Amino acid sequence: MSLDYLWQGFGVALMPSNLLIGFIGCFLGTLIGALPAIGPINGIALLLPIAYTSGLPAESTLILLAGIYYGAEYGGRISSILINVPGDAGAVMTAIDGYPMARKGEATKALAISGISSFIGGMLAVLAITFLAPLFGLLAIKFGPAEYFVLMVFAFATLGSMVGHEPVKTLIGCVIGLMLTTIGIDATSGAYRFTFDQPELHDGIEFIVLVIGLFSISEVLLMLEHQMKGTLKPLAVTGKYPTWADIRYIWWPSIRATVIGFVVGVLPGTGASVASAVSYTTEKRLNDRDGTFGKGDIRGLAAPEAANNAAATGAFVPMLTLGVPGSGTTAVMLGALMLYNIQPGPQLFTEQPKLVGGLIASMYIGNILLLILNLPLVQVFARMLLLPNWILIPGITALSILGVYSAYSSVMSVLIMFGIGVGGYLLRKLGFDMAPIILGFVLGKVMEVNLRNALAISGGEIGILFSSVLSITLWIMAVAIVALPWVIRRWQARSASPAQ
Amino acid sequence: MRPNIIAIAAILAGLTISAGAEPAKTECLAGAKPGGGFDLTCRLAGTSLHAAKLIKDPMAVSYMEGGVGAVAMNHIVGSRSGDPGLIVAASSGSALLLAQGKFGKHTADSVRWVGALGADFGVLAVAADSPIKTLKDLVAAFGKDPGAFPVGGGGAVGSQDWMKMALIAKEAKVDARKMRYAALEGGGAVTTALQGGHVKIASGDASEMIGLHEQGKVRILAVMSDKRLPGKFKDIPTTYEQGYAIDWPIWRGVYVGPKVTDAEYKWWVDTLGKLVKTPEFQKERDARGLFAFDSIGADYEKRVKADVERFKVLAKEAGL
Amino acid sequence: MSASSQSARASGRFAAVILIIFALVYGYFGATVEYSFSSDPIGPRGFPVALAVTLAAFGVYYLLNPGEAEAWPEREGRNAALVFLVLSALCVLGMDHLGFIPAMAVLMAGIARLFGATWPFAIGSGIAQAVLWWSLFGPVLGGNLPKGPLGF
């Protein structure tokens, strides 16, 4: 197997402009991760329009957004450790052993250990993705409209593993996202759907308007309601650096967590928060002989951090190779590609080797940058936790308005963004998640168009959807991923009950 | 009477200054996202005009996405109808949409057509291992069993790619509505689907197919032109050579707003007329995969209107 | 059953009714899309109609099982949200007339107040942020921001 694409990718990622962009992405990512008020998906939604309107090429935009994404997995630990509030969803488990360490005056060690395990998780996962990506590229030509359609069925089936305790809300969100994609000119028949004679609607709902409204504006509204005035006081960063013995001590827990995190990340629909939870409980079960977990055990700190970084990186595998987003954040990145007229899917690797290679190469560089940012410079970010909301939230609002305005030069689009934000806020209050809406929006058109193209090719014969080895395999995978949680529950129930 | 005379004199003086003068600021509007055909047209115009020193300052390119140019045309006719420095990219696709009434109330008379800068040509291709070797084979085989030949194109039903194949269907005496037509996402997806065997015929543009044709991965059966194309295309026969009087040039040009004065319009026509003869322009045009297609001013206006009429007839025949 | 979970059920039911009505309206427009013909057997109406039916079905399920929802905000929180939205709309609409910096400074200061800043801090950071964002998106990134009578 040829790794030419990676060398070509390093050529892209090492260009001074892309190095700078990668650094900005990692820096902002760490900051966004550290600030509890704003998560990676918000950060990406806000930065995307800036990148797009300032004329950055697609690969640079992707390098920037990806840097924010995995950078946030590094940054999230800072507030978990120093204020016992996770900076983002993937850092929830980090607080369990990290915060007690900081209280004992070992904040420096806690930050360093978690920074190093983040690096281990991130770096090994990039290595895995480097070898996996070209394998999927080989399949590209086998994907016709029928296979694409079944792939989308599979992608939606993975939502089954994403559903919370109220599946109907996930499904409704998904259908709303799908409905939004039907606005505009129908790609197959050229018919005008839901445009109501407004040419502005001919190309459908603008992705940037939707994403910023759903995520940023609704977030600001939620925070207004909770009236988060002032800030929490972070603990001081004091104490000694870890020793080599400490690092040897966390080596195997980090490796195990990386494997768990990567696999969980690759599976569409699950992400960093699941990965860190699974790896933490695994380590606790394996190693907690003296009851030190939860009281500041560095293994309990290292495992979830390695896992959430591996998961964030793993989420790029389905995104880059199949065009199937593994999380809400990767769904936004896929939407970003579509802004550039790049159709995500199995052909991405063969048609855009520069883009895929550049992104993967930038992840090697980005993880090294992040290690530097997060070991000696961690004080800088710790100090930014003091940033009060009355500076932060106006900034988020300004970026939201500017992002939409600079992309479309239209006051109307900005007002629509606020309207969508109110809708998103109401749905979130009602217990709906925003990620299924974005997923439906990104995948909907691909699903409809390919189903209809497949049937156009076959002359209405449904059999075309089951006619190739690839499509049958995808059907089986779709069924399996829906049935799996149910089978596991049954199996657990049986092994839990005493043998008769 | 004296004040009136002064006023008239002032107006006349103003006219003599403005006639044939370069607008203070030039801008090209692409009615789509960056990276598409309209963007290409704008960049070709902007880069070559500046390189050939026909404008002093670089031309700004702006984007206004929506309805394949419909939003841009609305904007020009509505808010900037008299802006002398603003040109808007258009293509034969715009004429097709005008013919189908998809630009709302706008017609070919709503704006002033300045000139075409170049053209691509329609092609029909099959996979390299296909038994079909010529357009004649295709017409015969397609006429016998249209169901065996799913067609892939980069646009919806009624788009240029669909129309190209509908013309071939007509030669094969097949109802265009009976075509198994898949509307794929752009030219790249069409050639991928052709190589994967998902479609048997690809309808597309010469510039996007030639690379794979040269690599021996697809076979271009015919270029839809009345004349042989130069360069890499010199060995590929045209539709006319194979006995079918069908052509499909995809011209790319620009228009200005309806209230632009005759003098300002004439400046653009003259400038583009000079531009297309410069080596700077020809280099830029070739680099963008376009063929020479010089049609400026009144000639261009006539062509646009004739195309709109021709497309109206075609759409009607196809039952759209 | 506690009062809060009862009100959550009520708002869930209300949302379900809105979703069902939306599904019906959407479905009506979807079923009446105009087109001459499509090369596929489904056509441009099929997908919207199927989605409308699906949403209506999920809506009915949601109506019967409203599940959990967060409590709606108390008066203070509601007012803050309203002030935020009205102020944002006014400032966005005012950008073209007042110019970007003045309109944005007012908005930034207002939001800062909502998050508990004192007046001097709110006004100071409002002006500072407006100038910062203007210079970033205007001169630095080359964007086209609204110009007021003062030119910024």
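Protein chains in written order, with the working numbering: chain A, 89 to 588; chain B, 107 to 426; chain C, -18 to 133. Idealized CB from N, CA, C, for every residue including glycine. Being a predicted model, the structure only gives us computed values, none of them experimental.
Best match in the options for proximity to residue i [C-alpha to C-alpha]
{"i": "D215 of chain B", "options": "B:V419, B:K422, B:E407", "result": "B:E407"}
{"i": "P130 of chain C", "options": "C:V73, C:W100, C:D77, C:S(-8)", "result": "C:D77"}
{"i": "S546 of chain A", "options": "B:A288, B:M165, B:S265", "result": "B:A288"}
{"i": "A127 of chain B", "options": "B:E347, B:S154, B:H156, B:P190", "result": "B:P190"}
{"i": "W339 of chain A", "options": "A:S488, A:A395, A:T258, A:I260", "result": "A:A395"}
{"i": "I260 of chain A", "options": "A:F520, A:T438, A:L514, A:R540", "result": "A:F520"}
{"i": "L71 of chain C", "options": "A:K372, A:L503, A:F529", "result": "A:L503"}
{"i": "S187 of chain B", "options": "B:A272, B:Y371, B:R391", "result": "B:Y371"}
{"i": "A324 of chain A", "options": "A:F284, A:L199, A:Y140", "result": "A:L199"}
{"i": "K321 of chain A", "options": "A:I171, A:G97, A:G382, A:L94", "result": "A:I171"}
{"i": "G97 of chain C", "options": "A:H314, A:L490, A:Y93", "result": "A:H314"}
Residue i, buried or exposed, once every other Cβ within 10 Å from all chains shown has been counted against 16
{"i": "E307 of chain A", "result": "buried"}
{"i": "S105 of chain A", "result": "exposed"}
{"i": "N130 of chain A", "result": "buried"}
{"i": "G349 of chain B", "result": "exposed"}
{"i": "P109 of chain B", "result": "Unreliable positioning characterises P109 of chain B in this predicted model, as indicated by a pLDDT of 46, which lies under 50. The coordinate reading is nonetheless provided below. Classification of P109 of chain B: exposed, given that the 10 Å Cβ count is below 16."}
{"i": "E15 of chain C", "result": "exposed"}
{"i": "T13 of chain C", "result": "exposed"}
{"i": "P336 of chain B", "result": "exposed"}
{"i": "F82 of chain A", "result": "It is not possible to answer for residue 82 of chain A, since the shown part of chain A is limited to 89 through 588."}
{"i": "F554 of chain A", "result": "exposed"}
{"i": "A587 of chain A", "result": "Interpretation of A587 of chain A is limited by its pLDDT of 44, a score under 50 that renders its predicted location unreliable; the figure taken from the coordinates is listed afterwards. Exposed is the call here."}
{"i": "T122 of chain B", "result": "For T122 of chain B, the pLDDT reaches just 43, beneath the cut-off of 50, and the residue's location in the model is therefore unreliable, although a value from the coordinates is still provided. Label assigned to T122 of chain B: exposed."}
{"i": "W579 of chain A", "result": "exposed"}
{"i": "K517 of chain A", "result": "buried"}
{"i": "E549 of chain A", "result": "exposed"}
{"i": "T326 of chain A", "result": "exposed"}
{"i": "S90 of chain A", "result": "exposed"}
{"i": "I569 of chain A", "result": "buried"}
{"i": "Q286 of chain A", "result": "exposed"}
{"i": "G65 of chain A", "result": "Since the first residue of chain A shown is 89 and the last is 588, residue 65 of chain A is not available in this structure."}
{"i": "A50 of chain C", "result": "buried"}
Residues near residue i by beta carbon distance below 7 Å, same chain, minus five either side
{"i": "L36 of chain C", "result": "L0, A4"}
{"i": "C148 of chain B", "result": "C134, A136, V167, A195"}
{"i": "K338 of chain B", "result": "I316, E320"}
{"i": "D334 of chain A", "result": "I201, I386"}
{"i": "P256 of chain B", "result": "R286, A288, V305, K306"}
{"i": "I217 of chain A", "result": "T401, F404, V405, I448"}
{"i": "F111 of chain A", "result": "L457"}
{"i": "G121 of chain A", "result": "P128, G159, A160, E161, Y162, G163, G164, G175, D176"}
Assumed close pair residue i, residue j - CB separation to whole angstroms, cut-off 8 Å
{"i": "S198 of chain B", "j": "D413 of chain B", "result": "6 Å"}
{"i": "L135 of chain A", "j": "L116 of chain A", "result": "7 Å"}
{"i": "V214 of chain A", "j": "N455 of chain A", "result": "7 Å"}
{"i": "Q301 of chain B", "j": "A222 of chain B", "result": "That belief does not hold up - the Cβ atoms of Q301 of chain B and A222 of chain B are roughly 33 Å apart, past 8 Å."}
{"i": "G446 of chain A", "j": "I151 of chain A", "result": "7 Å"}
{"i": "S(-14) of chain C", "j": "A544 of chain A", "result": "Going by Cβ atoms, the distance from S(-14) of chain C to A544 of chain A rounds to 50 Å, so no, they are not a contact pair."}
{"i": "S488 of chain A", "j": "P25 of chain C", "result": "Actually they are not in contact, since the Cβ atoms of S488 of chain A and P25 of chain C sit about 33 Å apart, beyond 8 Å."}
{"i": "I508 of chain A", "j": "V297 of chain A", "result": "7 Å"}
{"i": "A275 of chain A", "j": "A262 of chain B", "result": "6 Å"}
Beta-carbon contacts of residue i that lie in its chain and below 8 Å, excluding the five residues immediately before and after
{"i": "W115 of chain C", "result": "F81, I82, M85, L126, F133"}
{"i": "Y513 of chain A", "result": "I305, S306, L309, L310"}
{"i": "P174 of chain A", "result": "P124, G164, S167, S168, V180, T182, A183"}
{"i": "R283 of chain B", "result": "A424, G425"}
{"i": "M107 of chain B", "result": "Per-residue confidence for M107 of chain B stands at a pLDDT of 40, beneath the threshold of 50, marking its modelled position as unreliable; the derived number appears in the next sentence. Taken in chain order, the list of residues that qualify is empty."}
{"i": "P77 of chain A", "result": "Given a span of 89 to 588 for chain A in the structure shown, any question on residue 77 of chain A remains unanswerable."}
6 Å Cβ shell around residue i - same chain, five flanking residues per side excluded
{"i": "K418 of chain B", "result": "A205"}
{"i": "A176 of chain B", "result": "F209"}
Minimum Cβ-Cβ distance from residue i to chain F less than 8 Å
{"i": "Q110 of chain C", "result": "Going by chain labels, chain F is absent from the structure shown, which instead holds the protein chains A, B and C."}
Curious, which full-length alpha helix (DSSP H) runs of at least 4 residues does the region 5 to 52 of chain C contain? The region 5 to 52 of chain C contains these whole alpha helix (DSSP H) runs: 24 to 45.
Quick one: which unbroken alpha helix (DSSP H) runs of 4-plus residues sit fully inside the region 291 to 326 of chain B? Chain order, please. Runs of the alpha helix (DSSP H) inside the region 291 to 326 of chain B: 292 to 301, 312 to 320.
Please go through the region 328 to 387 of chain B and give each complete beta strand (DSSP E) segment of 3 or more residues, from N-terminal end onward. Entirely contained in the region 328 to 387 of chain B, the beta strand (DSSP E) runs reaching 3 residues are, in chain order, 355 to 362.
Tell me the start and end of each unbroken alpha helix (DSSP H) in the region 455 to 510 of chain A that is at least 4 residues and wholly inside, in chain order. Fully enclosed alpha helix (DSSP H) runs of 4 or longer: 466 to 472, 477 to 496.
What runs of the alpha helix (DSSP H), each 4 residues or longer, lie entirely inside the region 217 to 297 of chain B? Segments of the alpha helix (DSSP H) lying fully in the region 217 to 297 of chain B: 241 to 250, 266 to 277.
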